[in-house]
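First comes the structure, then the notes that go with it.
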Amino acid sequence: MTGRVLNQYEVQETLGAGGMGTVYRALDHTLKRTVALKFLAPGLSRTPTARAR
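Heads up: the sequence shown begins at -10 in our numbering, then just goes up one per residue.
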């Protein structure tokens, strides 16, 4: 995922990973600042409860 551009976000590095998913440091080109992006683990993204968390 590092190096990819998703919409206005340029993913720069992995910050951490766990049971819920993975968190990346990214540059938001619209706001011109660093942000954190969290991607849910594939199995969790299907459940409304996990998405709400």
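Note that CB positions come from ideal geometry on N, CA and C, so glycine has one too.
| Asked | Found |
| --- | --- |
| Applying the 10 Å Cβ sphere with the 16-neighbour rule, what's the burial state of alanine 15? | buried |
| Hey, would you say leucine 4 sits closer than 8 Å to tyrosine 13, going by beta carbons? | yes |
| What distance in whole Å lies between the Cβ atoms of threonine -9 and glutamine 1, which are believed to be in contact at a cut-off of 8 Å? | 7 Å |
| In terms of DSSP beta bridges, what is arginine 22 paired with? | Asp17 |
| What is the rounded straight-line gap between the Cα of glycine 32 and the Cα of alanine 25? | 21 Å |
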